[in-house]
Structures are given as structure tokens and as C-alpha cells.
């Protein structure tokens, strides 16, 4: 898929949300260990070109980085400068960064960072109130032009009203836990968080219910991710807040017009997907209906 770039794989568990990590689970299914950290063969993916010499990742696309690791993992310090350089060389692409380690971020920023690069969308994970109160203040203090919060897996109620009032948060993503040992996600937690985002005009995306979903005190077991996504969509929780505008440029610093940017397209089945609001669209990869993977 065009929208995922894993320059390295493997991670070190560091908080409550890591207990049933999906990457560890899927690696076990393959007879591998998620604790093994290595640089992937796909490290230079954003720079790859097709037979016509055009970038496979088009201008205007949004790429999720390190979905099978943490971009600010200490064990990846030796690879990160090269990854930053790849992102710097593609100012026409939005890179979605997510971390549970915001305390390490400032020391890991590249030279000439200033107040941030326009093509970086930085998020912290807040799986419960403890981690929200620990990580969001750090997020607010860091020099990024675009900031968001990922409450997934949501394993407890979270309120972030005072943080949203700063006006720095552009997006909140929420979802339940999956795979072996999944802990319950309560719909009341989702509704409360969504209400806070709506009050402040912040985009809110409920991507999936998780394997164990609680609604009106009743437990629902939903093992399939497609069903979880469908149920999240049917909940009506997704909310488009203030527009998020990235000033994307070519390598010479000239701003690209909307006509020069990738225009996402969707299949009919995409209309009922919980992630539609934040998705880069369909890339016609043919993977629909295949076993779940990264």
C-alpha cells in the first residue's frame, strides 16, 4: 500500500497500550519476534520510482511512518537521520509520525528544523488518562506545525478538553484494541471524547470498535477488523473539523497547487469504512478481502 512506510521493524514495549501490541501478535503468527528490531529492505520506499521515472508515492499523498515500530525508538537512532533526509527530500508528501516517546523527540530532531517542517503531521499515542496527561503537554511544547493525538488502543476514558483549547491539536483518532487479549473499549468513552472534539472544531475519527466493544452496558465480540470498522462507521462518531492545510512544495520550495496534488479515489465499499475520513484513498492494490497484515 502507498500509505505505509516502515523503515524499520520491531519495538520495545513501554506503556499500557503496548501490552497486546498487534505487531507482536502478528509476528508471533509468522513465527517471528516483535522484539527483534531491524532496518527493513523498504527503507527508501518514498524515493522509489516507476518505469516512467515518476515517484510511486505521488505529490499530496499522506504516508504513515513506522506502523510496526516507533519512529523515536532509541534502538533506531542510527537510522533516523537518513529517514529524516528522505522526508526532507519529499516536501510534496505528508508524513504521519506517531510515538509513545515524546520525551525523546526534541533530541532526535534533524538540523535546520526550526519550528518544524510543513509536511510532517506529528501524533502522540494516549491510550488512557495517565498517558494523555503525560504525553500531550510534551506534544504541545514540541516544534511541529501539525499535531494530532491517537487514542488507540483506547483502554480507558480520556478527557483532553483543556489540551484541545490550546488550538494546537488538529486531529484526534480513536479505536479499540485487537487480537489476542484485547481489552474492552466502551462506547461511552468514545462519545465523550468525540463531544470534546466537536466543541473545539477538531477532526475526530473513530476508526474501529476493537475486538471487545461495550455499548449500553452490553458486550459485543467483534473479531474481524472489517466488521469493527463498519460498526465504527455506523456509530456516526466521525466528525470533520477545521480544515487541515499542509503547504506542500516541490524541491525548490515552490508551493504546489491543488491541481498538482494527488486526488484520492474510493471504492464503493470504502463508504462504510471507519477510517474513510483520514484515508488517502484506494490504490487499487488488489488486497481487499485478503488476510489482515500490516
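In the working numbering, the protein residues as written are 5 to 298.
Here a beta-carbon is modelled for each residue, glycine too, at the ideal position from N, C-alpha and C.
Beta-carbon proximity check, residue i vs residue j, cutoff 8 Å
| i | j | result |
| --- | --- | --- |
| residue 175 | residue 144 | no |
| residue 209 | residue 182 | no |
| residue 21 | residue 39 | no |
| residue 24 | residue 185 | yes |
| residue 124 | residue 152 | no |
| residue 138 | residue 157 | no |
| residue 160 | residue 211 | no |
| residue 214 | residue 180 | yes |
| residue 299 | residue 249 | As shown, the chain starts at 5 and ends at 298. That puts residue 299 outside it, with no answer to give. |
| residue 73 | residue 12 | yes |
Run of the beta strand (DSSP E) containing residue i, from where it starts to where it stops
| i | result |
| --- | --- |
| residue 223 | 222-225 |
| residue 152 | 150-155 |
| residue 178 | 173-179 |
| residue 218 | 216-219 |
Same chain, Cβ closer than 7 Å to residue i, neighbours up to 5 away in sequence not counted
| i | result |
| --- | --- |
| residue 3 | Because the chain spans 5 through 298 in this model, residue 3 falls outside it and cannot be assessed. |
| residue 205 | 245 and 246 |
| residue 271 | 286 |
Limits of the unbroken alpha helix (DSSP H) element including residue i
| i | result |
| --- | --- |
| residue 237 | 229-238 |
| residue 168 | 165-168 |
| residue 138 | 133-145 |
| residue 98 | Taken as a continuous stretch (DSSP letters only), residue 98 belongs to no alpha helix (DSSP H), being part of the beta strand (DSSP E) at 98-103. |
Close beta carbons around residue i, own chain, < 8 Å, minus the five adjacent residues each side
| i | result |
| --- | --- |
| residue 75 | 69, 84, 87, 101, 102 and 103 |
Counted within 10 angstroms of its Cβ, other Cβ atoms place residue i as buried (16 or more) or exposed
| i | result |
| --- | --- |
| residue 263 | exposed |
| residue 31 | buried |
| residue 9 | buried |
| residue 18 | exposed |
| residue 227 | exposed |
| residue 114 | exposed |
| residue 232 | buried |
| residue 222 | exposed |
| residue 170 | exposed |
| residue 133 | exposed |
| residue 93 | exposed |
| residue 105 | buried |
Cutoff 6 Å; reference residue i; Cβ partners in own chain excluding five residues on either side
| i | result |
| --- | --- |
| residue 167 | 140 |
| residue 282 | 209 |
| residue 154 | 102, 127, 129 and 177 |
| residue 149 | 120 and 122 |
| residue 202 | 243 |
| residue 52 | 60 |
Test: residue i CB closer than 8 Å to a CB of chain C
| i | result |
| --- | --- |
| residue 138 | Chain labels in this structure do not include chain C; a single protein chain is all it has. |
In chain order, which continuous runs of the beta strand (DSSP E) of length 3 or greater are located wholly inside the stretch 47-85? You should have 66-69.
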